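A.B. asks: Our numbering applies: residue 655 is where the sequence shown begins, and numbers increase by one.
Don't be surprised by glycine CBs; every beta carbon is placed ideally from N, CA and C.
Computed from a predicted model, the values in this text were never measured in an experiment.
The following block contains the structure, expressed as structure tokens.
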Amino acid sequence: MNTATMGWSRSQVRGAAFRIDWVTVALVLAITLFGLVMVTSASVSIATRESGDPFTYLERQLLLLCVGGIGALVLTRVSTDLLERLALPLLILGLLLLVAVLVPGVGHVVNGSRRWIRVAGFNFQASELARLLVLMFIASYAARRDAELRTSFAGLAKPLGILALAAALLLAEPDFGAASVLFATGFGVLFVAGARLRYVLAMTLTALSAFGVLVALSGYRMRRLAAFLDPWADPFNSGFQLTQSLIAIGRGEWFGVGLGESVQKLFYLPEAHTDFLFAVLAEELGLAGVVITVGLFLALAWRALAIARLAADAGQKFQACLAAGFGIWIGIQAFINIGVNMGVLPTKGLTLPLMSYGRSSLIVTVAWVGIVLRVYHEAATRTRGPATVTT
């Protein structure tokens, strides 16, 4: 970024009234409120069994939304120029978090996976924050090395090396789903930033081959793949979760069995309020609820890409890549989660963004919305002039 641009940022953006993208705010509020309703419905039975309070998970989800909202509010006041300057230190912090999780005594094991760092009695999933920090560096690289990225294979290979390192650390936890989403989102950001299609396709095929080999060499991943291909072959063991999800979706038909009337959430469908929230939604609200949910996620992804286009038109490459990264990520993770619930994709431990009960995932995602809103503010102020304040 040149001196003139930085001078403009200081004199114009910081002095302007904050421009709010109400479309993004409305979509995020709609998805999170919809999620609150469904988390409450899906968790009533398990919450009653665990604590005697049927609204335990609703209360926790509201608290997590408040924490994420505070983070988003803070990030709307942080200049994206500062984020760009700190991209390398933040990348190092993200990688250190992924390494720290693997250290005995630091990383906390849950369900056989070492993905959490225990802080003040709270399990924080380091990969959620680390993925954001890694993608922030990828956006910074795309802005700084624009010409190299567009013209040479080496320009694409360098950031892919960073993505490969982060993915390897995620796989060591193991967290195959998070590694896949990170790699796919990183590819998407680099392609949108201008990487040549033939290089992207070549590296994509290479990455897919590598992930295929990892699946083939891992016994439990092969068992998951076999269960995904034919869950009814072992419906009470390896295929239990998927068959229960398919039963729930099938029961929903056109308009569902009614809000709160799901049978599968009553201790049949594991992780009904987290990874398989969509199945409960489909059972209770039917195809109508499914269409609304998919439509909301598509609209949010589209809006993030529209903000990225606005930033690109304003000559803000880093900011455009940040917004595009959010849109690509939200679309990919929602697609994977819904695909898993419907039996289209193998089971992954991924939540439905902004809807599922997800602790670290929910906090980081809501905070990332704050960055997108900041990008919109800066891009809109630059292209349309400072917002006026009426008294």
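1. Ignoring anything shorter than 4 residues, give me the alpha helix (DSSP H) runs that lie fully in the segment 791-845, in order along the chain.
2. Taking 8 angstroms as the cut-off, does the segment 769-787 touch the segment 829-842 (at least 3 CB pairs, one atom from each stretch)?
3. Taking buried to mean at least 16 other C-beta atoms within 10 Å of its own C-beta, is SER863 buried or exposed?
4. Less than 7 angstroms between the beta carbons of ALA977 and VAL1029, yes or no?
5. For the 8 angstroms Cβ check, are there 3 or more pairs between the segment 1003-1014 and the segment 840-857?
6. What does a CB cutoff of less than 7 angstroms around THR1087 pick up in its chain, not counting 5 residues either side in sequence?
7. Taking the alpha-carbon positions, what's the MET655 to GLN970 distance?
8. Using 8 angstroms as the Cβ pair cut-off and three pairs as the minimum, do the segment 984-1001 and the segment 735-755 touch?
9. So, ILE792 versus PRO813, is the Cβ gap smaller than 7 angstroms?
10. Given that a residue counts as buried once 16 or more other Cβ atoms are within 10 Å of its Cβ, and exposed if not, what is THR805?
11. Look at the alpha carbon of ARG1036 and the alpha carbon of GLU802, and state the distance between them as a whole number of angstroms.
12. Quick one: using the 10 Å Cβ neighbour count with 16 as the cut-off for buried, is ASN995 buried or exposed?
13. Just the Cα atoms here: how many angstroms apart are ARG739 and ILE816?
14. Tell me the rounded alpha-carbon separation between VAL1026 and ALA887.
15. In three-state terms, what does DSSP make of GLU938?
16. Going by DSSP, which residues form a beta bridge with ARG739?
17. Roughly how many angstroms lie between the CA atoms of GLN973 and ALA965, to the nearest whole one?
18. Is it a yes or a no for the segment 681-696 touching the segment 713-722, going by three-plus beta-carbon pairs under 8 angstroms?
19. What are the residues that DSSP puts in a beta bridge with ILE746?
20. Is GLU937 buried or exposed, if buried means 16 or more other CB atoms sit within 10 Å of its CB?
21. Report yes or no: do the segment 1014-1026 and the segment 691-705 share at least 3 C-beta pairs separated by less than 8 angstroms?
22. Identify, in the order they occur along the chain, each residue of the same chain with its Cβ nearer than 8 angstroms to the Cβ of LEU1004, setting aside the five sequence neighbours on each side.
23. Note the first and the last residue of the continuous alpha helix (DSSP H) segment covering GLN973.
24. How would you call HIS1031, buried or exposed, if buried means at least 16 neighbouring beta carbons within 10 angstroms?
25. Just to confirm before moving on: does the CB-CB distance between VAL677 and ARG957 stay below 7 angstroms?
26. With H, G and I counted as helix, E and B as strand and the rest as coil, what does DSSP make of GLN779?
27. Give the range of the alpha helix (DSSP H) segment to which ARG673 is assigned.
C.D. replies: Let's see:
1. 800-805 and 807-825
2. yes
3. Stepping through the sequence shown from its first residue, residue 863 is reached at position 209. With fewer than 16 Cβ atoms within 10 Å of its Cβ, SER863 is classed as exposed.
4. In the sequence shown, counting from the first residue as 1, residue 977 sits at position 323. In the sequence shown, counting from the first residue as 1, residue 1029 sits at position 375. Yes, the pair counts as a contact, with Cβ atoms nearer than the cut-off.
5. no
6. Since the first and last residues shown for the chain are 655 and 1045, residue 1087 lies out of range.
7. As a position in the sequence shown, residue 655 is number 1, starting the count at 1. As a position in the sequence shown, residue 970 is number 316, starting the count at 1. Its pLDDT being 44, under 50, MET655 is placed unreliably by the model, and the measurement read from it follows with that caveat. So the two alpha carbons sit approximately 9 angstroms from each other.
8. no
9. Stepping through the sequence shown from its first residue, residue 792 is reached at position 138. Stepping through the sequence shown from its first residue, residue 813 is reached at position 159. Yes. Within cutoff.
10. Within the sequence shown, the letter at position 151 stands for residue 805. Classification of THR805: exposed, given that the 10 Å Cβ count is below 16.
11. In the sequence shown, residue 1036 corresponds to position 382, counting from 1. In the sequence shown, residue 802 corresponds to position 148, counting from 1. Taking the straight line from one Cα to the other gives about 27 angstroms.
12. Looking up residue 995 in the sequence shown gives position 341. With 16 or more Cβ atoms within 10 Å of its Cβ, ASN995 is classed as buried.
13. Within the sequence shown, the letter at position 85 stands for residue 739. Within the sequence shown, the letter at position 162 stands for residue 816. In a straight line, the C-alpha of ARG739 is about 18 angstroms away from that of ILE816.
14. To locate residue 1026, count along the sequence shown from 1; it is residue 372. To locate residue 887, count along the sequence shown from 1; it is residue 233. Distance between the alpha carbons of VAL1026 and ALA887: 45 angstroms.
15. Start at 1 with the first residue of the sequence shown, and residue 938 comes out as number 284. GLU938: helix per DSSP, three-state reduction.
16. Stepping through the sequence shown from its first residue, residue 739 is reached at position 85. BP columns for ARG739 are empty, so no partner.
17. Stepping through the sequence shown from its first residue, residue 973 is reached at position 319. Stepping through the sequence shown from its first residue, residue 965 is reached at position 311. Going from the Cα of GLN973 to the Cα of ALA965 covers about 6 angstroms.
18. yes
19. Here residue 746 corresponds to residue number 92 of the sequence shown, with the count starting at 1. Per DSSP, none; premise fails for ILE746.
20. Taking the first residue of the sequence shown as position 1, residue 937 is located at position 283. Under this definition GLU937 is a buried residue.
21. no
22. Walking along the sequence shown from the start, residue 1004 turns up at place 350. Excluding sequence neighbours, LEU1004 sits near GLY831, ALA832, VAL835, ASP929, GLN987, ILE990, ASN991 and VAL994.
23. Counted from its first residue, the sequence shown places residue 973 at position 319. Residues 971-995.
24. Here residue 1031 refers to the residue found at position 377 of the sequence shown. Per the 10 Å Cβ criterion, buried.
25. The residue you call residue 677 lines up with position 23 of the sequence shown. The residue you call residue 957 lines up with position 303 of the sequence shown. A contact, by the Cβ cut-off of 7 angstroms.
26. Numbered from 1 along the sequence shown, position 125 holds the residue referred to as residue 779. Correct three-state label for GLN779: strand.
27. Taking the first residue of the sequence shown as position 1, residue 673 is located at position 19. No alpha helix (DSSP H) holds ARG673; DSSP gives it neither H nor E.
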